[in-house]
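Take the sequence shown: its letters are residues 35 to 341, numbered as in the numbering used here. Below is one structure, written out as structure tokens; comments come after it.
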Amino acid sequence: MALDFAAGCIGGAAGVLVGHPFDTVKVRLQVQNVDRPLYRGTYHCFQSIIRQESMTGLYKGIGSPMMGLTFINAIVFGVQGNAMRKLGRDTPLNQFLAGASAGTIQCVICCPMELAKTRMQLQGTGEKKSKRKLYKNSLDCLVRIYKKEGIRGINRGMVTTLMRETPGFGVYFLAWDTWTRYLGCEPEDPYMILKLLFAGGMSGIASWISTYPVDVIKSRLQADGVGGVNQYSGIMDCVRQSLKKEGWRVFTRGLTSTLLRAFPVNATTFATVTLFLMYMREGQECSIEDSKQQPVPLQPQTQPTSM
35 MALDFAAGCI
45 GGAAGVLVGH
55 PFDTVKVRLQ
65 VQNVDRPLYR
75 GTYHCFQSII
85 RQESMTGLYK
95 GIGSPMMGLT
105 FINAIVFGVQ
115 GNAMRKLGRD
125 TPLNQFLAGA
135 SAGTIQCVIC
145 CPMELAKTRM
155 QLQGTGEKKS
165 KRKLYKNSLD
175 CLVRIYKKEG
185 IRGINRGMVT
195 TLMRETPGFG
205 VYFLAWDTWT
215 RYLGCEPEDP
225 YMILKLLFAG
235 GMSGIASWIS
245 TYPVDVIKSR
255 LQADGVGGVN
265 QYSGIMDCVR
275 QSLKKEGWRV
285 FTRGLTSTLL
295 RAFPVNATTF
305 ATVTLFLMYM
315 REGQECSIED
325 SKQQPVPLQP
335 QTQPTSM
């Protein structure tokens with residue numbers, strides 16, 4: 035169990051470093067004003083941020099996910115691994131249920147973390163050097179929101195976060211299990227690392243595609259009120275207004291940058307977690323049946339291995 039937590043921390047940190055610039059682009063595209071759009075698409079958004087705000091603009095708000103994902107990945111891999119052991123049998127349904135339970139529990143940290151990240155990513159949009167910074171850092175952002183709006187404020191978007199994370203993590207672990215079985219990832223395979231990277235990347239893409247429309251609404255609700263004016267009274271109001279103004283394409287806004295980010299981030303995360311667990315568990319004796327209880331469905335023939 036402790037190894038699952040440690041592996042999640044290390045894998046999460048590696049994933050954040052690789053994927054945060056894509057996440058910044060995704061958020062900017064999701065919440066920009068459709069009447070006066072700043073960006074024409076993913077590439078133009080990347081180009082504009084670098085030109086107007088320098089490379090550091092792509093890493094705005096990284097403090098929040100770097101801190102939060104340490105705990106989030108620890109919770110996800112720890113809960114998922116423990117859930118699989120409790121469920122007993124390594125079946126596709128159990129992989130989905132274990133992943134869904136992990137996704138639900140980590141929302142307690144994920145929601146405030148993403149709120150701070152979103153607010154920080156939108157701060158100083160289009161400015162190389164922000165003339166007026168509302169928030170000094172992610173922690174200051176959460177403190178200010180708490181002082182102004184209380185617990186309810188820092189949990190803004192919790193319902194949509196649950197709607198995204200619960201099925202999203204279920205699909206995530208189910209896809210990982212399916213791909214690793216299909217590719218035949220075994221420790222003695224000379225292409226094992228490449229297979230792990232591919233399986234992890236495809237799992238991330240499957241997870242995001244399954245829940246992306248909910249993520250658009252979540253981002254809009256969490257960004258709402260940044261300029262001092264609230265546009266939406268709730269989830270359904272946000273859905274209605276977004277559809278009325280922008281049509282169904284609103285639910286795919288920022289999807290390209292998200293999928294571009296999903297592959298390398300999840301490839302890095304899953305491969306890092308799996309290789310770490312394999313290394314740490316090397317030499318332990320475990321039966322094949324026992325090893326099937328581990329969080330990651332990649333097992334050596336004689337030794338055990340585990341978002």
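Idealized CB from N, CA, C, for every residue including glycine.
For Leu173, the secondary structure class from DSSP, reduced to helix, strand or coil, is helix.
Counting along the chain, Met154 sits inside the alpha helix (DSSP H) bounded by residues Cys141 to Leu156.
If the five residues before and after Ser98 are omitted, its C-beta is found closer than 7 Å to the C-beta atoms of Met147, Ala150, Lys151, Met154 and Ser172, all from its own chain and listed in chain order. Selection Val307, Met314 and Gln256 evaluated against Ala48 yields Val307 as nearest (Cα-Cα). Looking at the backbone, the Cα of Glu87 and that of Gly112 are separated by about 38 Å.
Under the three-state reduction of DSSP output, Tyr266 falls in the coil class, being neither helix nor strand. In the three-state reduction of the DSSP assignment, Tyr77 falls in the helix class. Pairing Leu208 with Phe304, the inter-Cα distance amounts to about 13 Å. Taking the CA atoms as reference points, Val110 sits about 25 Å from Cys175. A distance of 9 Å or more separates the beta carbons of Ile239 and Asn189. Following the DSSP letters along the chain, one finds Gln256 inside the alpha helix (DSSP H) bounded by residues Met226 to Ala257.
The beta carbon of Asp57 sits closer than 7 Å to the beta carbons of Arg295 from its chain, once the five residues preceding and following it are set aside; these are given in chain order. Under the Cβ criterion (8 Å, minimum of three pairs), the region 244–255 counts as touching the region 191–204. Here Thr76 is actually not in contact with Thr138; their C-beta atoms are around 31 Å apart, not less than 8 Å.
With contacts defined as CB atoms closer than 9 Å, Gly187 and Trp242 fail to qualify as a contacting pair. The C-alpha of Leu277 lies about 7 Å from the C-alpha of Val284. DSSP, read as helix, strand or coil, puts Ser276 in helix. Linking Gln114 to Thr125 through their CA atoms gives a straight-line distance of about 13 Å. In this structure, DSSP gives Val52 a helical state, which the three-state scheme calls helix. With fewer than 16 other Cβ atoms from the protein chains shown falling within 10 Å of its own Cβ, Arg70 counts as exposed. Taking C-beta separations shorter than 6 Å and ignoring five residues to either side along the sequence, the partners of Ala132 in its chain run Gln114, Ala117 and Met118, following chain order.
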